[in-house]
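In what follows, a single structure is set out as structure tokens and then discussed.
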Amino acid sequence: MSDIELLAEQFAVLVRGLRELHGAIVVRCEPPVEAAAAVLLGRVEQLAPVRLTDVACSMGLDASTVSRQVSALVSRGWVVRDPDPQDLRAHVLSLTEDGRTTVASLRATRTEVLTRLLPDWTAEQLRSLTTALARLNHDLTTGSDRLELVGTTRHGKA
Numbered sequence: 001m002s003d004i005e006l007l008a009e010q011f012a013v014l015v016r017g018l019r020e021l022h023g024a025i026v027v028r029c030e031p032p033v034e035a036a037a038a039v040l041l042g043r044v045e046q047l048a049p050v051r052l053t054d055v056a057c058s059m060g061l062d063a064s065t066v067s068r069q070v071s072a073l074v075s076r077g078w079v080v081r082d083p084d085p086q087d088l089r090a091h092v093l094s095l096t097e098d099g100r101t102t103v104a105s106l107r108a109t110r111t112e113v114l115t116r117l118l119p120d121w122t123a124e125q126l127r128s129l130t131t132a133l134a135r136l137n138h139d140l141t142t143g144s145d146r147l148e149l150v151g152t153t154r155h156g157k158a
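Using this note's numbering, the letters of the sequence shown correspond one by one to residues 1 to 158.
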């Protein structure tokens, strides 16, 4: 196998492992959070105040899907919809205090789980992996033009 084929195989293993890791984190979090809600909470925190359509676009999802998920977060008291000061017909999303507490709990749980899973990793190994992942994440998230060159986008065929 070529280096790129080996990398693709490791990506497949990584994706499965990350799904399992994410599942382990959300079930250990207090209060319990559904996996999709955890991702959405993090994105709202990162972008707030933000319109729902911008959240959906940033996640590569349909606005109607995100709207249903946001409604559930509003019902739980984790997200609030406020009038958009730029356009009073629209709303912007931000976290409530309970939402910020939940995100903090998710982060603490994630740190605890990773600490338990990687006890033999040295600080140097962790820094090296973090640097490589940051570069990979950058290239993957800014590489949509490259994906379009091969005929695909995040939403399907170009």
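Even glycine gets a Cβ: it sits at the ideal position worked out from N, Cα and C.
Residue burial annotation: residue 4 is exposed, with fewer than 16 other C-beta atoms found within 10 angstroms of its C-beta. Looking at the DSSP output, residue 83 sits in a beta bridge with 91. Annotated three-state conformation of residue 33 is coil, per DSSP.
The criterion of a C-beta distance shorter than 8 Å is satisfied by residue 34 and residue 26. For residue 114, the enclosing alpha helix (DSSP H) begins and ends at 97-117. Separation of the CB atoms of residue 84 and residue 51 is rounded to 7 Å, and the pair is thereby assigned contact status at 8 Å. Distance from the Cα of residue 66 is smallest, within the candidate group 132, 53, 78, 76, for 53.
For the options 39, 128, 112, the alpha carbon positioned closest to that of residue 58 is the one of 39. Separation of the CB atoms of residue 41 and residue 103 is rounded to 5 Å, and the pair is thereby assigned contact status at 8 Å.
The beta carbon of residue 128 sits closer than 6 Å to no other beta carbon from its chain once the five residues preceding and following it are set aside. Within a 10 Å sphere around the beta-carbon of residue 109 sit 16 or more other beta-carbons, which makes this residue buried. Secondary structure note for residue 70: its alpha helix (DSSP H) is the uninterrupted segment 63-75. In this structure, the straight-line span from the alpha carbon of residue 77 to that of residue 142 is close to 33 Å. Just measuring C-alpha positions, the residue of 29, 62, 24 sitting nearest residue 117 is 24.
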